[in-house]
């Protein structure tokens, strides 16, 4: 039955690819006639491709190095004799990086096609424009989750080894870490520099083609929000499956119920199927509300998923407890999304309060935004805690002899459930930057006020939905890494059994070695985000200087008769991002290894816990505060609290600028950082078990 | 021998009181002739007393309520029969609140005496002015630590019950929590409102007597930085001793070495003695450097302490391992202070970078400040982690049969060591607001530029030293609460033994109930600080309105001929602070009880861990970022990056305003919050053990 289900997974993944290809062709077939839009959209595509190629070239060197280390070390050190497993591990790792890169690449290609077409479709009304944006996003959604399910099924089918899936996941994560960091630094460098020189200094509108940074800004939306986000969610999705499969395989071999691995594959495949159906049925009326359309497609997918998995549970004889944990995870995810939305929704109190505080100056915009950002962490932290506790209680009774393992399995299935509809989430998420770009292109192509109004509405829907999906994806990453903690313990015990050492039954917070790890682990996300923000800061300063230089040296640029050198700006953003991504990424990786070498597996367990707690807290805080400031600024611009040009507006712009690297660079990168660290810990458990100073 | 040592503790405490009385008389005997200064200093004293009385009146109602609950519930529920222990517990709790209030009260009295006298002494040069400020601060230092040692010794001598010391500590903590929160909100309300209306809107200098908020601002320095800080460090100090004594008493009764309690009392008493000697020998040359004078007195005290305790270890036959843990804690504390200082020192890179970033506008001041604030958490987190691990390794070998308990005892002694020189720390800390006030009074009393230069220098030394002591006191609180976690487990086991239930050997991070607690616990410091900052925000808005009203309605106020209504401003700050302190304080207390009732002792253990990790991280981040912004502003004002009035200066002022509630309201209050939560957990362990939903 297991093979049948894995093959079913591959079939559904191929279906997703086919559907993605159809959507891609559909998007490409949409008319794009305006010459300016075609030219600029081409520049954006070129810039995005150039950065991605540059970034991937560097990352594949890194990946090659890591795969060599794996070849030499994992799972059997080469000095103990040649092992074919090592080759498989290294290949799985490489496959993980390739699949992740593929997902990002597809996203960029379709997004840079869809942006111009969505802008032009807006001439015919909101419906066609929305459909181009949404279907463009859906290509990415289908590609990301298709690649995830396909990759995990294939590795399992060929090698049948859960540890290989861990390696595949590590490949995906390590690429995602750098892609997210690099893309995040690129996009905010360009965004901040463009705003600072354009809107603030020169008083020209956003997306004015005279601004040399304007193309870089649009490229940034694609490489940061599309490619980076895709890599991030691909990574979380693979990691949740890897965690669940490692625990499930152990249970299949020992406990009285032996369909656990089958359950994981089946539910994951059905999640993808539900997303396909959800995307297919997504509709918007002629004068429809795009936010409603996006959200309702999420709810439809959730419902389809619950029904499909229930049918499968009956058909294959799975356990209802596991189904319940899975659906619980999904429901909690949706609830977290909705409650987190409260803090960034421009019809709710927090946005209004921050906008109002801006009257007293930027310091109050910042203080109130930080305060609400702090408050906004509560629902997701409590929600994650509750799903951990309840899914554990649900599943521990499946086999009394293995209650601890089933409890952990329950948690990992809650994470799988939360991520099951990720195809839909990615679709909605990728929709955002496409229509954001469309808005810019409509302005540059001078398509008129009516079109701009439509693209503005689509853009604003993208921002709202992004806030919901962000809370969702951070919590999912949180639940995944909690499950990975279980994987880590399981790997430690496997390694200990092989080495003839005593295994562990848990990690005691009263053990000072564990506590040492927790303290250091808790500091890492703060240090990591600081490095990213300082990177953006430095890089934006460089770009501002370049823009000043162009305005000084290129005759007629200010008046619109001279041609700005867009490529120099793209180049600065790209070089800076690539320069900054290595130290930040290495800090996370190296600190894990150092703590492990100092304090062994106990210190590492503590390190992971501290990292998860502070990582979740900071990621939620930064993402939500950033979204809140963004919407507070838009709320003022819509004519409230004095409107555009008022003192309150100036203060709100400061808030938005601070929020930009919060929500688009540091916040979402922490997600990936905690996953990478968890996977490294699992993969190196043998090392930490056999060697440590304390 | 134990009784002898406890009596020695009482004698040294009385010595500290006597020395404090002498210093108080000395300060009071210094001349104060300037009429304006006398009048304004009188107004400040009056305002501070009025607020303190109002606050204490409210808090004693709260304390009475809590003591009634203790009387009914702890340690033996009254429905199981009357127990004299309950009376003792309730009395110990009341004593804790009274001693804490006494420490705050003394501080206020001397600080409001010393401020004017220090200003006037500046006419004679830096040396006399420094001495008034320093000795004024030392009164507070001696009183706080004297009260701590006296109180703990007395309770132990009379009742001989470690749990009574826990109750005494809880009394001190619960009062400190509210005093810190109330004082913190008061001081920043007034500071922000005064700056916003005075410096920004009207362009009049700081401390200009025309500003109706100016007295409230000076009162705030006293009630927030003197009384609040005193209560805070009193609380940490008592808590560290309580944690150590609970563990030591258990070891004395069971293990092969039985001088553990004696060691705790002896080392604590010697810490006080070392502080007395350190204060006595503190000197500044005629043209000396006040920063150097303050820091070198800290180093002298550290050295004296190490020597005194070494002698005692030989004389009384204590264990060298415990001595080593204690001295290690102290050394790590000093190192943390110094490294943290790097991030706020105006001769170092972070301050320069933030000042430089201010050129690009306030958003960059904020972003770079937050980034360096995040980075600054690393040394203290790692330092705390290392002292935890090393002190554990040092002490676990004392008795192999009780190695886990000795390991915990080692950690608690590292905390005692870190806090041993707290008398010196409080002296240095209280010096700050005194000379800050003196600066204001010198300006209002028109003592001339030469005097202002001296008071400026003294003030700046106060700020630098404050940065060092703050990192120190946060880490000490961190180590204390880690030790309190040990106390919690010990209390759970005592309760379990009495109830005939199974005890616990630890709390496993793999237990999802523990993890649930950790996630919620990690969110609480964020929620708590958000409430405080929003409180300051709301309150400052109210005061700004009042100041606007006064300028509108009082004729001649702007020109200096009308009299501002200082009292209305003081009243707004006071009423607002008292209004806001209850919800924030209760959030911390109630969430602990809710988590305990949901998940029992395991959830509470997790809750404490999450709370400690995120609490330490946020407290360090907020305190350091705040100090950094403060000094970056001063650096710009000293003529760098464009100097006063430049765009960079305006941006730096925004940073400073954001930093104010960070460093003086939220950051230091988190300290107290984590201690209170830990003590509640220990005291209610029986409840959580016998009743929980999961």
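Protein chains in written order, with the working numbering: chain B, 1 to 694; chain P, 1001 to 1694.
All C-beta atoms, glycine included, are put in the ideal place defined by N, C-alpha and C.
To which residues of the same chain is residue i closer than 6 Å at the C-beta, ignoring the five residues directly before and after it?
| i | result |
| --- | --- |
| residue 443 of chain B | 207 |
| residue 1193 of chain P | 1213, 1540, 1543, 1544 |
| residue 369 of chain B | 354, 625, 628, 629, 655 |
| residue 488 of chain B | 681, 682 |
| residue 1601 of chain P | 1492, 1688, 1689 |
| residue 237 of chain B | 148, 419, 422 |
| residue 1651 of chain P | 1358, 1361, 1362, 1365 |
| residue 304 of chain B | 274, 277 |
If you compare alpha carbons, which of the options is closest to residue i?
| i | options | result |
| --- | --- | --- |
| residue 1198 of chain P | P:1586, P:1578, P:1543 | P:1543 |
| residue 1616 of chain P | P:1339, P:1476, P:1396 | P:1476 |
| residue 1036 of chain P | P:1478, P:1570, P:1446 | P:1446 |
| residue 1460 of chain P | P:1435, P:1450, P:1478, P:1371 | P:1435 |
| residue 365 of chain B | P:1658, P:1004, P:1066, P:1056 | P:1658 |
| residue 73 of chain B | B:684, B:692, B:694 | B:684 |
| residue 24 of chain B | B:538, B:335, B:131 | B:131 |
| residue 229 of chain B | B:105, B:609, B:161, B:171 | B:105 |
| residue 468 of chain B | B:317, B:559, B:620 | B:620 |
| residue 1114 of chain P | P:1430, P:1465, P:1494 | P:1430 |
| residue 62 of chain B | B:473, B:302, B:136, B:578 | B:578 |
| residue 471 of chain B | B:377, B:440, B:490 | B:377 |
| residue 401 of chain B | B:81, B:254, B:189 | B:254 |
| residue 1168 of chain P | P:1427, P:1088, P:1247 | P:1088 |
| residue 1004 of chain P | P:1457, P:1078, P:1316 | P:1316 |
| residue 1091 of chain P | P:1576, P:1129, P:1158, P:1120 | P:1158 |
| residue 1583 of chain P | P:1609, P:1534, P:1556 | P:1534 |
Specify, as a first and last residue, the run of the alpha helix (DSSP H) that residue i falls within.
| i | result |
| --- | --- |
| residue 1365 of chain P | 1362-1375 |
| residue 319 of chain B | Residue 319 of chain B -> no alpha helix (DSSP H), and no H or E assigned at all. |
| residue 271 of chain B | 260-281 |
| residue 630 of chain B | 566-637 |
| residue 1034 of chain P | No alpha helix (DSSP H) contains residue 1034 of chain P, which DSSP labels as neither H nor E. |
| residue 232 of chain B | 229-254 |
| residue 656 of chain B | 647-661 |
| residue 1356 of chain P | 1349-1357 |
| residue 690 of chain B | 685-690 |
| residue 94 of chain B | 84-121 |
| residue 695 of chain B | Given a span of 1 to 694 for chain B in the structure shown, any question on residue 695 of chain B remains unanswerable. |
Only counting the same chain, and skipping five residues up and downstream in sequence, which positions put a Cβ closer than 7 Å to that of residue i?
| i | result |
| --- | --- |
| residue 173 of chain B | 235, 239, 672, 675, 676, 679 |
| residue 1392 of chain P | 1407, 1410, 1411 |
| residue 256 of chain B | 399 |
| residue 1282 of chain P | 1134, 1293, 1297 |
| residue 1527 of chain P | 1587 |
Short of 8 Å in beta carbon distance, which residues of its chain neighbour residue i, apart from the five on each side in sequence? Order them along the chain.
| i | result |
| --- | --- |
| residue 326 of chain B | 267, 309, 413, 414, 416, 417, 420 |
| residue 27 of chain B | 110, 113, 114, 117, 132, 135, 136, 139 |
| residue 1386 of chain P | 1332 |
Using 8 Å for Cβ pairs, my map puts residue i next to residue j. What's the rounded Cβ distance?
| i | j | result |
| --- | --- | --- |
| residue 1223 of chain P | residue 1183 of chain P | 4 Å |
| residue 1509 of chain P | residue 605 of chain B | 6 Å |
| residue 9 of chain B | residue 153 of chain B | 4 Å |
Those runs of the alpha helix (DSSP H) which lie wholly inside the region 1384-1458 of chain P and span at least 4 residues: 1403-1420, 1422-1444
Any beta strand (DSSP E) of 3 or more consecutive residues that is wholly inside the region 1499-1572 of chain P: none
Runs of alpha helix (DSSP H) wholly within the region 28-80 of chain B (minimum 4 residues, chain order): 35-73
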